[in-house]
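Residue numbers (our numbering): 182 to 847.
Shown next as structure tokens:
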């Protein structure tokens, strides 16, 4: 952090006395709350506090410069955004205390929440993903031809994350109306800026992304307000992203327990002279706009509002846990009758790849607000040609080629959902989802449980081995997500289910991972209805009936099971799960009771796979019906090898047949 001259040059420009006072009133609210919270923290009445002391002018300048219906995505130190959006203080304080009337019903802390009513989308602890969500909100506004701007905050520490780069890059490429505000406060927890990045100012970064960048004095509320207001007015007419570097300083610890002993004393002394509240207050007094009487009245009213809000929040009883409510709120409510094809519906022979494309096209026609995003899905039609011709039919706005930034595109999908759109994100290969993992498991999956916002996003996942594609284009990674509450996972084994499950996923406002096996794209075909239909989520399908053994499987495993039982001459129930999360426990129980012998087959590596969980469930809930040990088979616990003979050994086909024989002999 550079040495700063301890002075703030205020310039009222053409602002009225009333506006100057409004900014003062807005500025002191977060400061007075801070003062109160630090007392409550010492008294043990709140558990943690992330202080924005000394940075209030940035939040207040920004929130007052935007229109009421424009979204802001704040961070830890942006209390002024929440108060500036006129959130009821009693609810804000209840949020801090983990009370039921807080915005997360006690499920998350401090500023980790949003409120559509107040046009705020709160952060998660990973910080960087916020930027991509802002991209999605801005994209929705641009597609709707609404002249709006979105503001998203980042600290200088969080700018080291890849999500920062991805968020700026997407906004620049798509010319999205986003203002990226970087609060350059000198530290990421205890790590100083010079250990975070080698450049001096964030304004040096803007040109590299092809966007404008400006630097402002973040402790000067008038400078922040004027700069953001002018930018917002211009961006509404000429949509584009702008990077704003707000120079400021963090006067307290990252959070109160961490302290500030690592900060050089002279920096604290210099920046204390630039206090945004005291300096602005002195300026107004010098102008004659604020006198002692009005200052006392304003502060008295603010303190009363804070105390009244705290009284209400403290009076609220502690949360009484309700198991039904907790489980119910993991997903956004959704109930819809299954759309069955009419008896006389025309049918066509379709491969799995055609069925997916057909369902995707019909969902695009059904939902004009459905946006497709992915690498090479435009003119090229995707690497598997599933979206071939889509750009010509639906236009470049709805069928969007993306940069190679999976995290940002998933986050953009969530931002679209926040604005009422539906989004599909295509992973070129399911393997590549690893660089978008955080957005899926921590944003899409948790956002409804945390503060009631649905994530209407379907992530398509071309998956599976058998084509000698090696360890980075062949993985079965559905188990990575099976453990995550809030997601729904489907995995079709045939063209009929592929189309119906995809259509169902788009109808449901919850986040989906839709796995489609690359090896079945053009090798599996059947006659399916041409018209639109859906398949029930969470309902398994008994593909084949038998009496000796129950085989529970999904995806390519269905076809391996069919072939193996035919070769071995076994009479077996073959249960295709179809939906992996939530999975159909009743169907599993029914087949286990029927045969008494069960084996689970998966293409995924054996250890820690979905079969392990379901076999454990069978042992616990169906033990009395079993006539043999519960068995399972999967691929080797190695990465997927490239050479065809090695890959054949890796896959479970032959080992599965041997286990079937053993199970039948019990």
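Backbone N, C-alpha and C define an ideal beta-carbon position, used for all residues, glycine too.
- Message: Distance check for residue 818 and residue 788, CA to CA, integer angstroms please.
- Response: Taking the first residue of the chain shown as position 1, residue 788 is located at position 607. Taking the first residue of the chain shown as position 1, residue 818 is located at position 637. Roughly 7 Å between the two C-alpha positions.
- Message: As an exercise, report each continuous beta strand (DSSP E) stretch of at least 3 residues that is fully enclosed by the stretch 684-723, in chain order.
- Response: Counting whole runs of 3 or more residues, the stretch 684-723 contains the beta strand (DSSP E) stretches 693-698 and 706-710.
- Item | DSSP three-state assignment for residue 433, whether helix, strand or coil | Position 252 of the chain shown, counted from the start, is the residue given in the question as residue 433. In the structure shown, residue 433 sits in coil (DSSP, three-state: anything other than H, G, I, E or B).
- Can you list, in chain order, the residues of its chain whose CB lies under 6 Å from that of residue 617, leaving out five sequence neighbours each side? Sequence index remark: in the chain shown, residue 617 carries index 436 (1-based). Apart from sequence neighbours up to five positions away, the residues of its chain that approach residue 617 with a beta-carbon distance below 6 Å are 587, 588 and 591, ordered along the chain.
- Task: From the DSSP output, in three-state form, read off residue 586 for me.
- Result: Working through the chain shown from its first residue, we reach residue 586 at position 405. DSSP, read as helix, strand or coil, puts residue 586 in coil.
- Where do the N-terminal and C-terminal ends of the alpha helix (DSSP H) with residue 534 fall, by residue? The residue labelled residue 534 in the question sits at position 353 within the chain shown. 533-547 is the span of the alpha helix (DSSP H), which, as asked, contains residue 534.
- Query: Taking DSSP as the reference, what is the three-state secondary structure of residue 847?
  - Reply: Translated into the one-based positions of the chain shown, residue 847 becomes position 666. When secondary structure is reduced to three states using DSSP, residue 847 falls in the coil class, being assigned neither helix nor strand.
- Query: Under a Cβ-count criterion, where at least 16 other Cβ atoms within 10 Å of its own Cβ denotes burial, should residue 211 be classed as buried or exposed?
  - Reply: Counting from 1 along the chain shown, the entry for residue 211 is found at position 30. Burial call: buried.
- Item | CB contact flag (residue 309, residue 344, <8 Å) | For the purposes of this step, residue 309 is identified with residue 128 of the chain shown, where counting begins at 1. For the purposes of this step, residue 344 is identified with residue 163 of the chain shown, where counting begins at 1. Closer than 8 Å, so yes.
- Task: Output the distance between the C-alpha atoms of residue 186 and residue 451, rounded to the nearest integer angstrom.
- Result: One-based indexing of the chain shown puts residue 186 at position 5. One-based indexing of the chain shown puts residue 451 at position 270. A caution first: residue 186 carries a pLDDT of 49, below 50, which makes its placement in the model too unreliable to give a value.
- Task: Round the Cβ separation of residue 383 and residue 412 to the nearest angstrom and send it over; I've been treating them as touching at under 8 Å.
- Result: Position 202 of the chain shown, counting from 1, holds the residue named residue 383. Position 231 of the chain shown, counting from 1, holds the residue named residue 412. Not confirmed; about 15 Å, so no contact.
- residue 299 (DSSP reduced to helix, strand or coil): Locating residue 299 in the chain shown gives position 118, where the first residue counts as 1. Looking at residue 299 - three-state DSSP - the assignment turns out to be helix.
- Neighbour-count burial assignment, residue 578, 16 or more Cβ in a 10 Å radius: By one-based count along the chain shown, residue 578 stands at place 397. For residue 578, the number of other beta carbons within 10 angstroms of its own is below 16, and it is reported as exposed.
- Under the rule that 16 or more other beta-carbon atoms within 10 Å means buried, what is residue 258, buried or exposed? Taking the first residue of the chain shown as 1, we reach residue 258 at position 77. Label assigned to residue 258: buried.
- Message: Considering only DSSP beta bridges, list what residue 334 is partnered with.
- Response: Locating residue 334 in the chain shown gives position 153, where the first residue counts as 1. Per DSSP, 362.
- Query: How about residue 237 and residue 457: do their beta carbons lie closer than 8 Å?
  - Reply: For the purposes of this step, residue 237 is identified with residue 56 of the chain shown, where counting begins at 1. For the purposes of this step, residue 457 is identified with residue 276 of the chain shown, where counting begins at 1. Contact flag set, yes.
- Query: Excluding five sequence neighbours on each side, which residues of the same chain lie with their C-beta closer than 8 Å to the C-beta of residue 693?
  - Reply: Counted from its first residue, the chain shown places residue 693 at position 512. Taken in chain order, the residues that qualify are 638, 639, 640, 668, 669, 670, 671 and 686.
- Query: Just reading off the alpha helix (DSSP H) that residue 305 is part of, what are its end residues?
  - Reply: By one-based count along the chain shown, residue 305 stands at place 124. Residue 305 -> no alpha helix (DSSP H), and no H or E assigned at all.
- Three-pair Cβ contact test at 8 Å for the stretch 324-341 versus the stretch 369-388: The stretch 324-341 is in contact with the stretch 369-388.
- What did DSSP end up calling residue 783 once you bin it into helix, strand or coil? Walking along the chain shown from the start, residue 783 turns up at place 602. DSSP, read as helix, strand or coil, puts residue 783 in strand.
- Message: Would residue 673 and residue 759 be called neighbours here (beta carbons separated by less than 8 Å)?
- Response: Counting from 1 along the chain shown, the entry for residue 673 is found at position 492. Counting from 1 along the chain shown, the entry for residue 759 is found at position 578. Against a cut-off of 8 Å, the Cβ pair of residue 759 and residue 673 comes out as a contact.
- Message: Quick check: residue 612 and residue 574, are their CB atoms within less than 8 Å of each other?
- Response: By 1-based counting over the chain shown, the position of residue 612 is 431. By 1-based counting over the chain shown, the position of residue 574 is 393. No, Cβ-Cβ distance for residue 612 and residue 574 is not below 8 Å.
- Under a Cβ-count criterion, where at least 16 other Cβ atoms within 10 Å of its own Cβ denotes burial, should residue 648 be classed as buried or exposed? Locating residue 648 in the chain shown gives position 467, counting from the first residue. Answer is exposed; the Cβ neighbour count stays below 16.
- Look at the alpha carbon of residue 524 and the alpha carbon of residue 723, and state the distance between them as a whole number of angstroms. As a position in the chain shown, residue 524 is number 343, starting the count at 1. As a position in the chain shown, residue 723 is number 542, starting the count at 1. Spanning the two alpha carbons is a distance of roughly 21 Å.
- Does DSSP put residue 816 in a helix, a strand or coil? Along the chain shown, one-based indexing puts residue 816 at 635. Strand at residue 816.
- Check each candidate in 630, 362 and 205 and name the one with the smallest Cα separation from residue 475. Residue numbering aside, residue 475 sits at position 294 when the chain shown is read from its first letter. It is 205 whose Cα lies nearest to the Cα of residue 475.
- Task: Return the chain-ordered list of same chain residues with a C-beta closer than 6 Å to the C-beta of residue 395, the five sequence neighbours on each side being excluded.
- Result: The sequence position of residue 395 within the chain shown is 214, counting from 1. Excluding residues within five positions, the ones whose Cβ falls inside 6 Å are 425.
- Spatial distance of residue 346 from residue 585 (CA atoms): On the chain shown, position 165 is the one that residue 346 refers to. On the chain shown, position 404 is the one that residue 585 refers to. About 12 Å.
- Query: Of all the options 443, 741, 776 and 246, which has the alpha carbon lying nearest to the alpha carbon of residue 146?
  - Reply: An answer regarding residue 146 cannot be provided, because it is not within the stretch 182 to 847 covered by the chain.
- Euclidean distance between Cα positions of residue 614 and residue 313: Residue 614 sits at position 433 when you count from the first residue of the chain shown. Residue 313 sits at position 132 when you count from the first residue of the chain shown. Roughly 16 Å between the two C-alpha positions.
- Query: If you draw a straight line from the alpha carbon of residue 848 to that of residue 295, how long is it in whole angstroms?
  - Reply: In this structure the chain extends from 182 to 847, so residue 848 is not present and cannot be described.
- Message: Let me see if you follow: with CB-CB separation under 8 Å, is residue 359 close to chain C or not?
- Response: Within the model displayed, chain C is absent; a lone protein chain is all it includes.
- Item | Uninterrupted alpha helix (DSSP H) stretches inside the stretch 618-694 (no shorter than 4 residues) | Secondary structure in the stretch 618-694: the alpha helix (DSSP H) runs of 4 residues or longer, each lying completely within the stretch, are 628-632, 660-663 and 676-688 in chain order.
- Message: Let me make sure I understand the geometry here. Which of 804, 603 and 697 has the alpha-carbon closest to that of residue 158?
- Response: Nothing can be reported for residue 158: it is not among the residues displayed for the chain, which extend from 182 to 847.
- Message: According to DSSP, simplified to helix, strand and coil, what is residue 848?
- Response: Any question about residue 848 goes unanswered here, given that the chain covers just 182 to 847.
- Message: Only counting the same chain, and skipping five residues up and downstream in sequence, which positions put a Cβ closer than 7 Å to that of residue 728?
- Response: As a position in the chain shown, residue 728 is number 547, starting the count at 1. Only 752 and 776 meet the Cβ criterion.
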